[in-house]
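**Q** One structure, pasted below without further comment.
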Amino acid sequence: RGLLMILRYREQWALWIVVNILTISLWAAAWLKNGETSLPLLLMYVMYLCNSVYGYINWTKLVKRHSGK
């Protein structure tokens, strides 16, 4: 039961990675068109992407640790 919960959360991180990549592309396009006004939001979503990748890696390690027991 615990392993299934871990796998479900790991999939959630993968979804957030995709969402963040799409959002970054939208803000990058706005930044290229409008200039500096969109840069703070672009950087914020880059940090969100970093957080999502970090979360996915940690959940993957947790799955491996629990499946080895």
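Counting from 1 along the sequence shown, just add 6 to a position and that's the residue number in the numbering used here.
Using N, Cα and C, we set each Cβ at its ideal position, and we do this for glycine too.
Should Thr29 and Tyr51 be called a contact, given that it needs their Cβ atoms to be closer than 8 Å?
**A** Within the sequence shown, numbered from 1, the residue matching residue 29 stands at position 23. Within the sequence shown, numbered from 1, the residue matching residue 51 stands at position 45. Yes. Within cutoff.
**Q** Return the Cβ separation of Leu48 and Trp37 in integer angstroms, given the expectation that the two are a contact with Cβ distance under 8 Å.
**A** Taking the sequence shown and counting its residues from 1, the one referred to as residue 48 is at position 42. Taking the sequence shown and counting its residues from 1, the one referred to as residue 37 is at position 31. Contact flag correct, Cβ pair sits at about 5 Å.
**Q** Where does the unbroken alpha helix (DSSP H) through Gly61 begin, and where does it stop?
**A** As a working note, residue 61 is residue 55 in the sequence shown. Looking at the DSSP string, the run of the alpha helix (DSSP H) that includes Gly61 is 45 to 73.
**Q** Which value, in whole angstroms, describes the spacing of the CA atoms of Met53 and Ser73?
**A** The residue given as residue 53 occupies position 47 in the sequence shown. The residue given as residue 73 occupies position 67 in the sequence shown. Cα to Cα, the separation comes out at about 30 Å.
**Q** Give the single residue among Leu55, Lys70, Arg71, Lys67 whose Cα lies nearest to the Cα of Val24.
**A** For the purposes of this step, residue 24 is taken as residue 18 along the sequence shown, with counting starting at 1. Minimum Cα distance to Val24 is reached at Leu55.
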